[in-house]
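Everything on this sheet refers to the single structure shown next.
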Amino acid sequence: MEVKKRYISLYVENQIGVLAKISGLLAGKSYNLDTLTVGATEDPTVSRITIGLTIDDITYEQVIKQLNRSVVVIKVMDFSDVPIHKKELLFIKVSSCSEKDKAEIFRIAQAFSLEIIDYDKSHVMVQCVKTEGGNNDMIALFNDTFINRIEVVRGGSVAIEAISTRDQ
Amino acid sequence: MVKGTEIIVKALKEEKVETLFAYPGGQAVDIFDALYGVEGIDVVLPRHEQALIHAADGYARSTGKVGVCLVTSGPGATNLVTGLATANYDSVPLVCITGQVPLGLMGNDAFQEVDIVGITNSVSKYAVTVRTREELPRILKEAFYIARSGRPGPVVVDVPKDIQQAMGEDYYPEGVSIRGYKPNESVHVGQVKKAVSLLKKSKRPLFLVGGGVNIAGANDAMRRLAEFVGVPVITTIMGKGAIPSGHDLYLGNIGIHGSYAANHAVSECDVLFSIGTRFNDRITGKISEFAKDAKIIHIDVDPASISKNIVVDIPIVADAKLAIEKLLEYASPLKVEKWVEQTKAWKEQFPIHMKQKEGLTPEKIIRYINENFSRPIITTDVGQNQLWATQYLELEGNRQFLTSGGLGTMGYGFPAAIGAKLGNPDRQVIAISGDGGMQMNIQELATAVALELPLILVVLNNGYLGNVRQWQELFYGKRYSSTCLKYRRSCDRNCGSPDKCCPPYNPDFVKLAESYDAYGMRITKEEEIGEAFAYALSHKHAPTMIECVIAPDLNVFPMVPTGKPLSECIMDC
Ligand SMILES: Cc1ncc(C[n+]2csc(CCOP(=O)(O)OP(=O)(O)O)c2C)c(N)n1
Ligand SMILES: [Mg+2]
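Chains A and L are the protein sequences, given in the same order. Read in this note's numbering, the first sequence has 91 at position 26, and its numbers run on one by one without any break. Read in this note's numbering, the second sequence has 86 at position 74, and its numbers run on one by one without any break.
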């Protein structure tokens, strides 16, 4: 069956062990997640989790139902067919940079609207805030250009329903 | 101001808990102290926490009330795990209170500390650690509510020792409001109407009834519905008893050891109307062939059970009883006599009987129970003993047949019988076990004797882990690896079959029963069945174990081999 990238947003109780409950539930059912992020909301008793996953329709329906069933889940929002804003934070650290490398990184940053947030004599650190797909492209680009010299850390997508715009 | 332990006792009283299954230890001793001398709560002491939770489970299944367990931290809590999974699978309402090390020591690998919530998350409906004295009453109230509402299940409440001791308000809430938990309490009439119109067009309709109908107590409504529309009924193991086993429209169990009639009916029906089952692989056989000509209607209280294993055409999320009552309002009698005749012909042509006709057989023992007891409560263990019971027992209604259907837990049957008897002192309770499974909780003889329970414990002794032996015989070239219970080191390593040179069986079940101050009798002949049950019935205040020595090589048939469609059952009978 055809798999598709989707996002789910959950409101959950902000308690010890909730993240373990949710990730355990999904792992226990052998559902493979791409990303999962969590953080408290405007209401400190509630956290919001964004889950990104690449999955077929039938399994996806099960994931939604299983999440709904959990006592600690207050609300499940299925973002499959709603316009949303979604972004992921990505840091790329490049080491052993020559002056030429640095110039190249600054050029890339300008072309792709990345931010240089730190550097020294031989390192440069870039911050990308893009969609997961956009960040994948950046990682590929840096990997090709600075083979074996990059260190990557990414935060996982956060997503929120759009107010007026189409998908971002 | 009162201590946390007093709130726990208050909760038990408010929730009308009459029987508490409890085993003490260091992190629960304060709760036991608060229970000392309390009127109206019968605190029973099984001899192992696994048996304890199975007993609470048997109590819950047979009464419909919440079964309540109390154990200490660490090993006391981990011993519950198998019982939690057993209850979770079969939707049994339990509240399990576990002692925990004081909050300040949690996470420090303190003596007898385990993360029981982490361990049990995946095998319970809900598991929670109480972290403040203030939230204790609310959490207890919620635990009972979650356990018994919606699709019932076990709830773990982990209470650190300092919270047990802490002083706080003397109150227990009246109601609950859990923002993440709102079980469905209505029926979507539009879906019911759709189901009815699909049923109307059907030429070969069939009801498939699962444990949900028994749990919802919808038995009478189910029988009326089947009779009103005139549609045959098959059940899963957990649904057995949903309509009386002797009913004209009842075709038997579906599944890998189901009846020919049930398995053929499901393979040939054009509308399969299923209620309260999750289409577990034991009942579907090869999934792509399952009910392949049928449109499927599925009623379940748990949305996650719908379209999980089988894609459903008309889903109805509702409590079985509410939904069936709605169906009775909207449905009308169907003209499907030819189909009904066909299914009855299958039933008459291929009844289930054991191939072995001579001597003492499980079939004869179970038929004796059918004929001589009125509405007994029967528990089973797991294995051939369980499968024979599902095939030959005749049931009148729900809460009468307790078996570990989902998890298949050996060691379940005997302790469950203890719980059932405590909840139903006026009913005859009979446990049917195998010789292997009986030994998994044999220590409960002490409990049954202590509680003066006149249980009848039927041990079908075939000298083997028979169910596995059957697989080895049929599918593994008779390589009886680790299934012979007479085995001794000095035996021939390649022994392929029992003979007269076998060492004696151990234990001697009769002597074992007697050593616990229970009664025991061994029978080897058909003629002794009546005598053995009469002997058991003569003991009004103690359990009797009837060891039935049956042939070592009996098999359960019919049988559908793994991966085969249901229509391809091996009959051999
Ligand atoms: C706790 C547990 N361990 C292992 C099994 C696997 N198993 C299923 S049936 C069976 C054999 C049971 O033997 P016995 O209790 O003698 O019953 P019989 O099949 O002979 O009637 C085994 C080992 C199980 N279901 N549960
Ligand atoms: Mg056996």
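We treat Cβ as the ideally placed atom computed from N, Cα and C, and that holds for glycine. Model, not experiment: these values are computed from the prediction.
Review point. For the candidate residues L/560, L/491, L/507, whose alpha-carbon lies nearest to that of residue 522 of chain L?
Key: L/560
Review point. Cβ atoms of residue 302 of chain L and residue 220 of chain L: under 8 Å apart, would you say?
Key: no
Review point. Looking at residue 86 of chain A and residue 135 of chain A, is the spacing between their C-beta atoms short of 8 Å?
Key: yes
Practice item. Count the other C-beta atoms from every protein chain shown that fall within 10 angstroms of the C-beta of residue 390 of chain L, then say buried if there are 16 or more, exposed otherwise. Key: buried
Review point. Near residue 114 of chain L, what residues of its chain come up, given a Cβ to Cβ distance below 6 Å and the 5 sequence neighbours on each side ignored?
Key: 172, 173, 174
Check your understanding: Any heavy atom of ligand 1 closer than 7 Å to the CB of residue 397 of chain L?
Key -> yes
Exercise for review: Can you have a look at residue 527 of chain L and say buried or exposed, based on whether 16 or more other CB atoms are within 10 angstroms of its CB?
Suggested key: So residue 527 of chain L counts as exposed.
Practice item. Establish whether the CB of residue 88 of chain A and some CB of chain L are separated by less than 8 Å. Key: no
Exercise for review: Work out the CA separation of residue 271 of chain L and residue 481 of chain L for me, nearest whole Å.
Suggested key: So the alpha carbons of these two residues sit roughly 22 Å apart.
Check your understanding: How long is the line joining the alpha carbons of residue 516 of chain L and residue 156 of chain L, rounded to whole angstroms?
Key -> 49 Å
Exercise for review: Pull up the distance between the alpha-carbon of residue 230 of chain L and that of residue 333 of chain L, whole angstroms please.
Suggested key: 5 Å
Review point. Straight-line CA distance for residue 512 of chain L to residue 562 of chain L?
Key: 15 Å
**Study point:** Nearest to residue 77 of chain A (by Cα), restricted to the options A/96, A/89, A/106
**Key:** A/106
Check your understanding: In or out: residue 120 of chain L buried (at least 16 other Cβ within 10 Å) or exposed?
Key -> exposed
Exercise for review: Whole angstroms is fine: what's the gap from residue 254 of chain L's alpha carbon to residue 225 of chain L's?
Suggested key: Distance between the alpha carbons of residue 254 of chain L and residue 225 of chain L: 6 Å.
Practice item. Using beta-carbon positions only, say whether residue 378 of chain L and residue 407 of chain L come within less than 8 Å of one another. Key: no
Check your understanding: Quick one: does the C-beta of residue 447 of chain L sit closer than 7 Å to a heavy atom of ligand 2?
Key -> yes
Point to revise | beta strand (DSSP E) segments (min. 3 residues) lying fully within the segment 303-385 of chain L | key: If only complete runs of 3 or more residues are kept, the segment 303-385 of chain L shows the beta strand (DSSP E) at 307-312, 326-329, in order along the chain.
Review point. Using a C-beta to C-beta distance shorter than 9 Å, which residues of chain B count as neighbours of residue 192 of chain A?
Key: Chain labels in this structure do not include chain B; the protein chains are A and L.
Review point. Taking the alpha carbon of residue 111 of chain A as the point to measure from, which residue in A/91, A/95, A/170, A/81 has its own alpha carbon closest?
Key: Ranking A/91, A/95, A/170, A/81 by Cα distance to residue 111 of chain A puts A/81 first.
Exercise for review: Note down, in chain order, each residue of its chain lying with its Cβ closer than 6 Å to the Cβ of residue 474 of chain L, except the 5 sequence neighbours on either side.
Suggested key: 562, 564
Review point. Leaving out five residues before and five after residue 169 of chain A in sequence, what residues of the same chain have Cβ atoms less than 8 Å from its Cβ?
Key: 210
Review point. What residues in the segment 307-321 of chain L bring their beta carbon closer than 9 Å to a beta carbon of chain A?
Key: Within the segment 307-321 of chain L, the qualifying residues are 314, 315, 316, 317, 318, 319, 320.
Review point. Is DSSP giving residue 113 of chain A helix, strand or coil here?
Key: strand
**Study point:** Continuous alpha helix (DSSP H) stretch holding residue 533 of chain L: start and end
**Key:** Here residue 533 of chain L belongs to no alpha helix (DSSP H); instead the beta strand (DSSP E) covers 531-535.
**Study point:** Positions along the segment 133-158 of chain A whose CB lies within less than 9 Å of some CB in chain L
**Key:** 133, 134, 135, 136, 137, 138, 139, 140
Exercise for review: Kindly confirm or deny that the segment 58-69 of chain L and the segment 421-435 of chain L touch, where touching means at least three C-beta pairs closer than 8 Å.
Suggested key: yes
Check your understanding: Any heavy atom of ligand 2 within a distance shorter than 7 Å of the CB on residue 125 of chain A?
Key -> Here the distance from the Cβ of residue 125 of chain A to the nearest heavy atom of ligand 2 is not below 7 Å.
Point to revise | Exposure label - residue 97 of chain A; buried when at least 16 CB within 10 Å | key: exposed
Practice item. Can you grab the Cα-Cα spacing for the pair residue 434 of chain L / residue 71 of chain L, in whole Å? Key: 7 Å
Exercise for review: Give a single yes or no on whether residue 453 of chain L has its beta carbon closer than 7 Å to a heavy atom of ligand 2.
Suggested key: no
Check your understanding: Going by other Cβ atoms of all chains shown within 10 Å of its Cβ, with 16 needed for buried, is residue 50 of chain L buried or exposed?
Key -> exposed
Exercise for review: With residue 276 of chain L as the anchor, note down where its alpha helix (DSSP H) starts and where it stops.
Suggested key: 272-280
Exercise for review: Verify the contact flag: residue 394 of chain L, CB atom, against every heavy atom of ligand 1, threshold strictly below 7 Å.
Suggested key: Distances from the CB of residue 394 of chain L to the heavy atoms of ligand 1 include at least one below 7 Å.
**Study point:** 6 Å CB neighbourhood of residue 26 of chain L in its chain, flanking five on each side removed
**Key:** 184
Exercise for review: Give the straight-line distance between the Cα atoms of residue 448 of chain L and residue 365 of chain L, rounded to the nearest whole angstrom.
Suggested key: Computed Cα separation, rounded: 24 Å.
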